[in-house]
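Asker: Residue numbers (the working numbering), protein chains in the order written: chain A, 3 to 339; chain B, 3 to 339.
Just so it is clear, CB atoms sit at the ideal spot from N, CA and C, and this is done for glycine as well.
2 protein chains.
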Amino acid sequence: MTKMIDVAKLAGVSTATVSRVLSGNPNVKESLKIKVLEAINQLDYKPNKLASSLRKMESRTIVVVVPDISNPFFSDIILGIKKVAHCNGYYVLLGDTQNDVENEIAYTNLIQERLADGVILLTARMPKHKIQELAHSIPVVLSCEYIDGIDISTVTIDNISSSRKVVDHLVQMGHSRIGIITGPLNIVLSRDRLKGYRQSLYQNEIEPEESLVQEGDFSMESGYQMCLRLLSLNQPPTAIFASNDEMAIGTIKAIKHKGLRVPEDVAVVGFDNVKLSTIVDPELSTVSQPKMEIGRKSMELLLKEIRNEPIEKRQIVLHDELIIRESCGSLTKSLSI
Amino acid sequence: MTKMIDVAKLAGVSTATVSRVLSGNPNVKESLKIKVLEAINQLDYKPNKLASSLRKMESRTIVVVVPDISNPFFSDIILGIKKVAHCNGYYVLLGDTQNDVENEIAYTNLIQERLADGVILLTARMPKHKIQELAHSIPVVLSCEYIDGIDISTVTIDNISSSRKVVDHLVQMGHSRIGIITGPLNIVLSRDRLKGYRQSLYQNEIEPEESLVQEGDFSMESGYQMCLRLLSLNQPPTAIFASNDEMAIGTIKAIKHKGLRVPEDVAVVGFDNVKLSTIVDPELSTVSQPKMEIGRKSMELLLKEIRNEPIEKRQIVLHDELIIRESCGSLTKSLSI
DNA sequence: TTGTACGCGTTATCAC
DNA sequence: GTGATAACGCGTACAA
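(1) Note down, in chain order, each residue of its chain lying with its Cβ closer than 8 Å to the Cβ of Pro210 of chain A, except the 5 sequence neighbours on either side.
(2) Cα-Cα, which of A:Glu135, A:Phe273, A:Asp153 is closest to Thr110 of chain A?
(3) So Asn105 of chain A packs on Thr99 of chain A, CB below 8 Å; how close in whole Å?
(4) Does the ligand GTP have even one heavy atom less than 8 Å from the beta-carbon of Ile107 of chain B?
(5) Please report whether the beta-carbon of Ile251 of chain A lies at a distance below 9 Å from any beta-carbon of chain B.
(6) Mapping the DSSP letters down to three states, classify Ala244 of chain A as helix, strand or coil.
(7) So is Thr63 of chain B in contact with chain A if we call contact Cβ pairs under 9 Å?
(8) Unbroken beta strand (DSSP E) runs of length 3 or more, entirely within the stretch 5-76 of chain B: which are they?
(9) Taking beta-carbon pairs under 7 Å, can you tell me which members of the stretch 104-129 of chain B lie near chain A?
(10) Near Asn246 of chain B, what residues of its chain come up, given a Cβ to Cβ distance below 7 Å and the 5 sequence neighbours on each side ignored?
(11) Measuring alpha carbon to alpha carbon, tell me which of B:Tyr93, B:Gln227, B:Gly261 ends up nearest Gln216 of chain B.
(12) Rounded to a whole number of angstroms, what is the C-alpha to C-alpha distance between Glu307 of chain A and Arg298 of chain B?
(13) So what does DSSP say about Leu278 of chain B, is it helix, strand or coil?
(14) Does the beta carbon of Val23 of chain B sit closer than 9 Å to a beta carbon anywhere in chain A?
(15) According to the neighbour-count rule (16 or more other Cβ atoms, all chains shown, within 10 Å of its Cβ), is Pro284 of chain A buried or exposed?
(16) So Ile122 of chain B and Val319 of chain B are in contact, right, with Cβ under 8 Å, and what is the actual spacing, rounded?
(17) Does any C-beta atom of chain B lie closer than 9 Å to the C-beta of Asn50 of chain A?
(18) Opposite Ala269 of chain A in the DSSP bridges: which residues?
(19) For the beta strand (DSSP E) that Gly120 of chain B lies in, which residues bound it at each end?
(20) Could you have a look at Ser336 of chain B and say whether DSSP puts it in helix, strand or coil?
(21) Is it the case that the stretch 39-56 of chain A contacts the stretch 7-14 of chain A, given that we only count it when at least three CB pairs across the two stretches are under 8 Å?
(22) Assign Thr253 of chain B to one of three DSSP states: helix, strand, or coil.
(23) Taking beta-carbon pairs under 9 Å, can you tell me which members of the stretch 93-104 of chain A lie near chain B?
(24) Less than 6 Å between C-beta atoms, sequence neighbours within five positions excluded: which residues of the same chain meet that for Val264 of chain A?
(25) Would you kindly check if the distance between the Cβ of Lys132 of chain B and the Cβ of Met301 of chain B is under 9 Å?
(26) Quick check: the stretch 72-88 of chain B against the stretch 145-154 of chain A, are there 3 or more CB pairs under 8 Å?
(27) Applying the criterion that 16 or more other CB atoms from any shown protein chain within 10 Å of the CB defines a buried residue, is Tyr147 of chain B buried or exposed?
(28) Name the chain B residues whose beta carbon is nearer than 8 Å to that of Pro69 of chain A?
(29) Counting contacts by CB-CB distance shorter than 9 Å, is Lys306 of chain B in contact with chain A?
(30) Give the straight-line distance between the Cα atoms of Val143 of chain A and Gln291 of chain A, rounded to the nearest whole angstrom.
(31) What do you get for Lys48 of chain B, buried or exposed, if any count of 16 or more other CB atoms within 10 angstroms of its CB means buried?
(32) Look at Leu95 of chain B and Thr63 of chain B and say whether their C-beta atoms are less than 9 Å apart.
(33) Runs of 4 residues minimum, wholly inside the stretch 114-163 of chain A: which ones carry the alpha helix (DSSP H) assignment?
(34) Please confirm whether Glu135 of chain A has its beta-carbon closer than 9 Å to some beta-carbon of chain B.
(35) Using a C-beta cutoff of 9 Å, does Lys277 of chain B count as contacting chain A?
(36) When the Cα atoms are used, what is the spatial distance from Ser55 of chain A to Ser54 of chain B?
Shown next as structure tokens:
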């Protein structure tokens, strides 16, 4: 591998001059600059980022830890992150944990070893102390989730209130037997959506019923399975709130396979507003999170941490929106796939 | 940041011993080992991977460059890559180019600077010489695509024959006006699928017609738009072959919006067999690529390159399969979403 | 304006 | 078994 000293020799200068040319330092005579650039070209020289990062103590790279890259919800967030990162000269690399805590910890360790200047976590299922440890050794922003009792920067929506909004709407539509398919309950976000569901029932003076609460894992399959359970109850629900769109689609599939109609027999609402939600038939009512904005704000916050700039607000809460489509029965059905 | 020398001092040993303990070298007295481990714990020491990588001249990290992480087709391939990588002690980081050549080049540059021990390209839209340059400085495997005239390891399916299979099938079903929505034609893979389409028409003695060929960009929207163009022809096609599933879904959507039925009025076939293809109504006939296997084989090949092992076959071609579902009219319709 | 020389934090090679 | 010490390739005071 050709290195800086080779370039220097060929150009008849010192490594310092080569380095200066590379970093755009203006204090280099034009003639030497040209010689150096020619040598670089001739030798096909590529600087060693490892050495450079080690020396400068920064890598200009950040890592985003994602629970599931194939979930379009996250890709939109990542888009927002990359926009801001790119504008500020940072590379973005992704670590996909596939919803596995072990993978999450593995990436965390990798990052702690100074591979990146900062991390954005889109998942935080590992033990609290691990996260604390990570945040202690490198700038961290936690997005979409939060952890009680840790002073760490977060960017989220208010899952409790948005889920309350969903259930309130279903109640207004005349439903009183409302089922919920939650995400994994070891995740705060899932618990919050369940909490909002319960708050709404309480405020609307509807007796909660444990059998109407089923725990899924955010996958379409789990939505399908949990919906079947709900439908097999003695008194099945007339509306089901799935804690994300994938599960909502599984729910719709199950209802149809049972020979029932959506929304006439069972109304369905999802969460996240992914592209898929307008492709299913009927189109899915859902909660829209400002995905791009979550990404943007997260990266902006991370940059401040990296640069040690003062941070006014470490906990950013963004606005969401309930999107009414066909699956909850509030609209007349229009033509769709 | 605490470093190895700090640990060494606290444990009363040299950095060499600390390093030995960390790397699991057995030639360390048990008592010292314990002291070192205690010191590590006490100081919360994390080794600096940058320094380690620089010294060892390897990072045990590979990067996968992906054109679009939200496309589930790629996530399955990545799964296969990670399985093999993980078993061999390699981390996998992802670079998402969002179908942008500039991003592709940016990641390529980053990687050339020794950030990773190897790269798997799931996209190769940059100029040929760029790829050659990359392959010259680091082990590279190109998957799903290939480049003529470059001696680089590749893992693909035979897109020409599989696309011929699709069109042959449509002809057998009695279609003679068959439209195709291609991917971007600056990609070999897209051209190959078009080539297969043309070969089939030729072999079946069907006169090709340029207006039946429309170029999309693999997005659902482009499938929708190109389908509308096809349908507005004086003699619209009775069957449409979309070069990937996303475009096929856009195609179905367009056909429905025109008040026509799939497959009765227009048959549709896609490509890739992503999860979505069983969710649309009607379920999509498509070509299934062995995604996981593509990932596995790619990583295995890359490992051989990294380890400088002899490689028998640099060009691996895997088998694909035409999956007949409802959208091409060969099956009776069953209940689905 | 340019070059020398040291340090970034590890690991490998020697001696002992 | 263990400890000095020299690399790995680059950036930057500092001197010239």
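Answerer: Walking through what the data contain:
(1) Arg200, Leu203, Tyr204
(2) A:Glu135
(3) 4 Å
(4) For the ligand GTP, the structure offers nothing, since it holds no ligand at all.
(5) yes
(6) strand
(7) yes
(8) 63-68
(9) Leu112, Gln114, Glu115, Arg116, Leu117
(10) Gly185, Phe220, Gly272, Phe273, Asp274
(11) B:Gln227
(12) 38 Å
(13) helix
(14) no
(15) buried
(16) Not quite, the Cβ-Cβ distance comes to about 17 Å (not below 8 Å), so this is no contact.
(17) yes
(18) A:Ala241
(19) 120-123
(20) With a pLDDT of 42 at Ser336 of chain B, under the threshold of 50, the modelled position of that residue is not reliable, and the figure given next carries that caveat. Coil.
(21) yes
(22) helix
(23) Tyr93, Val94, Leu95, Leu96, Gly97, Asp98, Gln100
(24) Ile254, Ile257, Val270, Pro284, Ser329
(25) no
(26) no
(27) In the sequence as displayed, the identity of residue 147 of chain B is Glu instead of Tyr. Buried, because 16 or more other Cβ atoms sit within 10 Å of the Cβ of Glu147 of chain B.
(28) Result: empty, since nearest Cβ-Cβ is about 12 Å, beyond 8 Å.
(29) no
(30) 18 Å
(31) buried
(32) yes
(33) 130-139
(34) yes
(35) yes
(36) 12 Å
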